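Per the numbering used here, the sequence shown starts with residue 1, numbered consecutively. Just so it is clear, CB atoms sit at the ideal spot from N, CA and C, and this is done for glycine as well. In this text, all values refer to a predicted model and were calculated from it rather than measured experimentally. Written out below as structure tokens is the structure these notes cover.
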Amino acid sequence: MASKRKDEILKTALDLFNEKGASEVTTNHIAKAMQISPGNLYYHFGSKEEIIAAILEQMVEAWDPIYEIDVSQSFGLEGLEASIRHSFQLIWKYRFFYREVPLLLSRDSNLKERYFAIRDQRLEQQVAFARKLAAAGALQLPEDDNEVRQIFTIAWLIADSWLAYQELENVEIDKAIESGVQLTITLYRPYLSSQ
1 MASKRKDEIL KTALDLFNEK GASEVTTNHI AKAMQISPGN LYYHFGSKEE
51 IIAAILEQMV EAWDPIYEID VSQSFGLEGL EASIRHSFQL IWKYRFFYRE
101 VPLLLSRDSN LKERYFAIRD QRLEQQVAFA RKLAAAGALQ LPEDDNEVRQ
151 IFTIAWLIAD SWLAYQELEN VEIDKAIESG VQLTITLYRP YLSSQ
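This is the structure in structure tokens:
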């Protein structure tokens with residue numbers, strides 16, 4: 001029961017954060033939206049910062065399957081596009097975080113430390129994943145891992161600023177996601193194998 005309630009709190013918080021922004025939502029707003037007492041909420045999470053940290057861990061779990069793709073089988077442009085599309089869908093699902101990441105990190109040193117550890121780990125995973133794709137013949141990459149890291153850092157920057165760009169353009173989300181996929185593919189195109 002406790003785990004189910006925690007999941008409900010996280011879902012309600014995510015919905016409210018996405019709608020109004022995390023800085024505008026208090027734990028009292030979350031409790032009110034759930035029709036529970038603030039004390040009930042505090043039994044599960046001691047603060048809004050704990051809720052945001054738990055949502056970050058959900059985000060990490062949601063991204064894990066992208067890094068576990070089996071490339072021993074045929075993995076071409078369609079597979080790459082599907083992985084990128086899934087990433088942009090997750091960015092949309094957790095959009096409050098991408099809208100507010102500098103502010104959130106500046107207010108919570110533990111969250112900041114965890115975020116940078118995740119980012120560094122993911123960049124290394126992306127380099128390792130790209131090397132697997134290169135070994136399978138799907139990519140032709142530079143030999144220098146630093147150069148490969150720079151390619152994925154650019155992809156990370158595209159993903160991090162994609163949401164703000166699309167929201168300013170007021171593009172329908174499905175079209176925005178496809179635009180993000182194609183933008184990222186454009187970055188990777190010089191490295192795609194002709195196979």
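What residues match up with residue i in a beta bridge as DSSP calls it?
i, result
"T192", "Checking the sequence shown, residue 192 turns out to be Leu, not Thr. Its beta-bridge partners are L139."
Taking the alpha-carbon positions, what's the residue i to residue j distance?
i, j, result
"Q166", "P102", "19 Å"
"E19", "A136", "42 Å"
"L168", "D174", "15 Å"
"S37", "Q182", "46 Å"
"M59", "S193", "31 Å"
"I158", "I55", "22 Å"
"E113", "F88", "24 Å"
"L77", "E178", "14 Å"
"Y94", "A138", "30 Å"
"L14", "R5", "14 Å"
"S47", "T27", "7 Å"
"E24", "Y42", "18 Å"
"L90", "G39", "31 Å"
"T186", "D7", "38 Å"
"E100", "F17", "10 Å"
"A155", "E49", "28 Å"
"P190", "A33", "49 Å"
"A130", "S106", "32 Å"
"P65", "Y115", "19 Å"
Does DSSP put residue i in a helix, in a strand, or in coil?
i, result
"G21", "coil"
"I69", "coil"
"D145", "helix"
"N110", "helix"
"V171", "coil"
"T153", "helix"
"T12", "helix"
"S47", "coil"
"T184", "helix"
"T27", "helix"
Following the continuous alpha helix (DSSP H) through residue i, name the residue where it begins and the one where it ends.
i, result
"G39", "P38 to H44"
"Q35", "Looking at the DSSP string, Q35 is not in any alpha helix (DSSP H), and its letter there is neither H nor E."
"S83", "L77 to K93"
Cβ of residue i within 6 Å of any heavy atom in the ligand GTP?
i, result
"I84", "Summarising the ligand content, the structure contains no ligands, and the ligand GTP is consequently not present."
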